[in-house]
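Here the structure comes first, spelled out in structure tokens, and everything after it is commentary.
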Amino acid sequence: MEEALTSLMKTRMRRGVIIDGLFYHGTRIFAWAVLTVMVAILVSLFMGAAPAIGKFGFGFLVSPAWNPVTKDFGAFVSIYGTLVTSVIAMVIGVPVSFGIALFITELSPRWLKRPIGIAIELLAAIPSIIYGMWGLFVFAPFFGDHMEPWISGFLGPVPLVGVLFSGPPLGIGLLTAGIVLAIMVIPFMSSVMRDMFEAVPPLLKESAYGMGATTWEVVRHAVLPYTRTGVVGSIMLGLGRALGETMAVTFVIGNANRVHASLFMPGNTISSSLANQFTEAVGEMYTSSLIALGLILFLITFVVLAVAKLMLRRLSDTRGSRS
Amino acid sequence: MIKTALKMVAAVIGIALLFTAPSGHAAEVTAISGAGATFPYPVYSKWAAAYNRETGVRVNYQSIGSGGGIKQIKAKTVDFGASDAPLKPADLDKSGLLQFPMIMGGVVPVVNLAGVAPGAIRMNNRLLADIYLGKVRTWNDARVKAENPGLALPAKRITVVHRSDGSGTTWIFTNYLSKVSAEWKRKIGNNKAVAWPVGIGGKGNEGVASYVKRIKGSIGYVEYAYALQNHLTHVKLRNRDGGYVEPAAATFQAAAANADWAHAKGFYRVLTDQPGKNSWPITGASFILMYRRQMKPDTGRGVLKFFDWAYQNGAKMAEELDYVPMPAKVVRLVEATWHKVIRDPQGRPIWK
Chain Z
1 MEEALTSLMK TRMRRGVIID GLFYHGTRIF AWAVLTVMVA ILVSLFMGAA
51 PAIGKFGFGF LVSPAWNPVT KDFGAFVSIY GTLVTSVIAM VIGVPVSFGI
101 ALFITELSPR WLKRPIGIAI ELLAAIPSII YGMWGLFVFA PFFGDHMEPW
151 ISGFLGPVPL VGVLFSGPPL GIGLLTAGIV LAIMVIPFMS SVMRDMFEAV
201 PPLLKESAYG MGATTWEVVR HAVLPYTRTG VVGSIMLGLG RALGETMAVT
251 FVIGNANRVH ASLFMPGNTI SSSLANQFTE AVGEMYTSSL IALGLILFLI
301 TFVVLAVAKL MLRRLSDTRG SRS
Chain Y
1001 MIKTALKMVA AVIGIALLFT APSGHAAEVT AISGAGATFP YPVYSKWAAA
1051 YNRETGVRVN YQSIGSGGGI KQIKAKTVDF GASDAPLKPA DLDKSGLLQF
1101 PMIMGGVVPV VNLAGVAPGA IRMNNRLLAD IYLGKVRTWN DARVKAENPG
1151 LALPAKRITV VHRSDGSGTT WIFTNYLSKV SAEWKRKIGN NKAVAWPVGI
1201 GGKGNEGVAS YVKRIKGSIG YVEYAYALQN HLTHVKLRNR DGGYVEPAAA
1251 TFQAAAANAD WAHAKGFYRV LTDQPGKNSW PITGASFILM YRRQMKPDTG
1301 RGVLKFFDWA YQNGAKMAEE LDYVPMPAKV VRLVEATWHK VIRDPQGRPI
1351 WK
């Protein structure tokens, strides 16, 4: 009887070892697959972009040309548009998301928390093409007819800033694209920030309140230091999405390969250039230049992520030394 | 657990095997595949559905763009390719391809001007080119007025709208502008995407149509069907022989009828700026690409049968979708070329 039991236990244990091993190696293969795919993408981008890099060199980065007829290509306009729209999206999106998260976690009455939270999650689930169509058919006409004349009337005469808001109110352009992007990244950033703020131990906040701190002081001195990493992370998540967003931007940015001082004028982003032109690009140099654009976008996102990681490390270092 | 999983895998493989058609030497092909131009996609898919009902042969056409179509046929992943812009005869010879025109359509300049009825505004070709070059900037410019005496034109800025994506429509439009304006030819040229000197870009015909509908004082160019369906204000154009023509099936066909296909090597014939007083000057054909030597003659014959059927029976369907079918004269010419040029591996013609 006892013997039978031990042999049963032995077989069970042996089986456990095998399954554990399978599980370990299985997950390891999956993890390595991510790295392999990432390296493979980078290598194939480099190979695809090689002819363009060879022909244009670093001039590709600063040349504003994009002429499929003469096969003269440069990435400057696309890079400019990508960065400008993302900056607009961040300038609008970060404070709004922060406010939303703050309201839900600290200020909102209890019955309102769930509806707002669910609404934000639903907004995050809407496909980007829907934002693009909404932007083109609903937002751009409204913005062009009512907002842009007002903005240029208000800010146009202001020196330095005025030139950013001049030009014909078409409703389509860098500013519209930036605003649509902001609307798209707000759900992502605010839901992450909300989760972060909610993870702050009540003890910490209650102690601060107990010492007579105002709500803002609690947020500033108790909640924010505790959630700093998460907040920066959520901003980077939003920035990553804004840099790479394709369809929604393509619909509203106007797709013109020129650099204007005015944010009202049409422009181009890297991903919208790719979406517009890849299917019909014929000829080695044309295709290669588009792939080189893709490589640049890849590198930009890589740099953004690396900078974010560095910032986070520095933040946690200073915190460590202070406490 | 593992046993059940194995059983499931086996079952899936079994089912997959059941569905895989035996790849023997069947004389009749049941499926042919093609890829390419987006412009003729609505009519090709309509033909394919009708052909499938009639014969049981499935035609799988993917509208991935002309450039994609050319790449796919060169990689031999499809049985035929489709392109809105014809390939140069030298390029065809190099890759061993044959091209023939399948369907035609027109590109139509459209404007958004309050109080101007469709066809009420007239332009000559130089004027259109100069607007797209950014040289004529307002609607009350003397040159617009000279073409349109009696039309009240506002002192509004002209907003030029063009395609943002690479497109056969742009190819036809810039081909026309290059033919009628030496400056356009020198500065900008003719391609599926060009370096536009002015304006904003809309994605696809629908993108351009929606910008033109929205922006007051704009001018754009779209395929005929989009101008009709969106009730846009089209422009009457002065053609090569001095006639002012409306875009319509009749004027597109007039352009095609006057075109000299018989002497077009490799059917390289662009239908823009054709002679004839009734010819719409921005007419274009969409082309099919096939290998001259068909390694699988049965498949090749299947493809040709489909296109022959479309030539003979597809005209009405094409017209319903605002396309223009090829004239019978051109069809005879194309089918004679099939017989002459397309061969099986033994060098025998596959089309009789």
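Going down the list, the protein sequences come from chains Z and Y. All letters in the first sequence, in the order written, are residues 1 to 323 by the working numbering. All letters in the second sequence, in the order written, are residues 1001 to 1352 by the working numbering. Even glycine gets a Cβ: it sits at the ideal position worked out from N, Cα and C.
>> Using beta carbons (cut-off 7 Å, strictly below), is residue 1052 of chain Y in contact with chain Z?
In response: no
>> So for residue 1030 of chain Y, helix, strand or coil by DSSP?
In response: coil
>> Quick check on the burial criterion: 16 or more other C-beta atoms within 10 angstroms. Buried or exposed for residue 1358 of chain Y?
In response: Absent from the structure is residue 1358 of chain Y, since the part of chain Y shown begins at 1001 and ends at 1352.
> Just how far apart, CA to CA, sit residue 1321 of chain Y and residue 1247 of chain Y?
Replying inline: 15 Å
>> If the cut-off is 9 Å on Cβ atoms, which residues from the region 152–179 of chain Z count as contacting chain Y, listed in chain order?
In response: 168, 170, 171, 172 and 173
> Going along chain Z, which residues have a C-beta under 8 Å from residue 1043 of chain Y?
Replying inline: Within chain Z, no residue comes near residue 1043 of chain Y; the closest Cβ sits about 19 Å away, beyond 8 Å.
> Shorter than 7 Å from the beta carbon of residue 1165 of chain Y to some beta carbon of chain Z?
Replying inline: yes
>> Just checking: is the beta-carbon of residue 1182 of chain Y within a distance shorter than 7 Å of some beta-carbon in chain Z?
In response: no
> Between residue 240 of chain Z and residue 43 of chain Z, what straight-line distance do the alpha-carbon atoms span, to the nearest angstrom?
Replying inline: Going from the Cα of residue 240 of chain Z to the Cα of residue 43 of chain Z covers about 21 Å.
>> Tell me the residue span of the beta strand (DSSP E) that contains residue 1060 of chain Y.
In response: 1058–1062
> With 7 Å set as the bound, which would you pick, yes or no: does the beta-carbon of residue 1201 of chain Y sit closer than that to a beta-carbon of chain Z?
Replying inline: yes
>> Between residue 1099 of chain Y and residue 1266 of chain Y, how many whole angstroms is the CB-CB distance? I'm expecting something under 8 Å.
In response: 6 Å
> Which residues of chain Y have a Cβ atom closer than 8 Å to the Cβ of residue 251 of chain Z, listed in chain order?
Replying inline: 1203 and 1207
> How many whole angstroms separate the CB atoms of residue 1341 of chain Y and residue 1269 of chain Y, which I take to be in contact at a CB cut-off of 8 Å?
Replying inline: About 17 Å; that fails the 8 Å criterion.
>> For residue 81 of chain Z and residue 247 of chain Z, I'd like the C-alpha separation in whole angstroms.
In response: 15 Å
>> Quick check: is the beta carbon of residue 1112 of chain Y nearer than 7 Å to any beta carbon in chain Z?
In response: no
> Considering only the beta carbon of each residue, do residue 171 of chain Z and residue 132 of chain Z sit closer than 7 Å?
Replying inline: no
>> When you compare the CB positions of residue 1192 of chain Y and residue 1166 of chain Y, do they come within less than 7 Å of one another, or not?
In response: Between residue 1192 of chain Y and residue 1166 of chain Y, the C-beta spacing is below 7 Å.
> Measuring CA to CA, which of Y/1237, Y/1204 and Y/1214 is closest to residue 1222 of chain Y?
Replying inline: Among Y/1237, Y/1204 and Y/1214, the Cα nearest to that of residue 1222 of chain Y belongs to Y/1204.
> Within 7 Å (strictly less), CB to CB, does residue 1215 of chain Y reach chain Z?
Replying inline: yes
> Any idea if residue 16 of chain Z is buried or exposed, counting beta-carbon neighbours within 10 angstroms, 16 or more meaning buried?
Replying inline: exposed
> Would you report the Cα separation of residue 1145 of chain Y and residue 1138 of chain Y, rounded to the nearest angstrom?
Replying inline: 11 Å
>> Assuming contact is defined by CB atoms lying nearer than 7 Å, are residue 93 of chain Z and residue 238 of chain Z in contact in what I supplied?
In response: yes
> Given 8 Å as the limit, is there contact between the region 1069–1086 of chain Y and the region 1281–1289 of chain Y, that is, 3 or more CB pairs closer than that?
Replying inline: Short answer: they touch.
>> Excluding the 5 residues flanking residue 264 of chain Z on each side, which residues of the same chain have their C-beta closer than 8 Å to its C-beta?
In response: 148, 152, 165, 166, 167, 168, 169, 170, 173, 174 and 175
> Would you say residue 1192 of chain Y faces chain Z, with C-beta separation under 7 Å as the test?
Replying inline: yes
>> Among the candidates Z/83, Z/258, Z/283 and Z/245, whose CA atom is the shortest distance from the CA of residue 271 of chain Z?
In response: Z/245
> In chain order, what residues of the same chain lie with their CB nearer than 8 Å to the CB of residue 209 of chain Z, ignoring the 5 residues before and after it?
Replying inline: Apart from the 5 residues on each side of it in sequence, residue 209 of chain Z sits with its Cβ closer than 8 Å to the Cβ of 218 in its chain, given in chain order.
> Apart from the five residues just before and just after residue 1274 of chain Y, which ones in its own chain have a Cβ nearer than 6 Å to its Cβ?
Replying inline: 1255, 1258 and 1259
>> Whole angstroms are fine: how far does the CA of residue 1168 of chain Y sit from the CA of residue 1093 of chain Y?
In response: Distance between the alpha carbons of residue 1093 of chain Y and residue 1168 of chain Y is about 22 Å.
> Does any C-beta atom of chain Z lie closer than 7 Å to the C-beta of residue 1065 of chain Y?
Replying inline: Closer than 7 Å: yes.
> Would you say residue 1068 of chain Y faces chain Z, with C-beta separation under 7 Å as the test?
Replying inline: yes
> For residue 1142 of chain Y, which option in Y/1132, Y/1134 and Y/1153 has the closest C-alpha, if you only look at C-alpha atoms?
Replying inline: Y/1153
>> Any beta carbon from chain Y within less than 7 Å of residue 280 of chain Z's own beta carbon?
In response: yes
>> Given this structure, state the Cα-to-Cα distance separating residue 1328 of chain Y from residue 1338 of chain Y, to the nearest angstrom.
In response: 15 Å
>> For the alpha helix (DSSP H) containing residue 1286 of chain Y, name the first residue and the last one.
In response: First-last for residue 1286 of chain Y: 1283–1291, but that is the beta strand (DSSP E), not the alpha helix (DSSP H).
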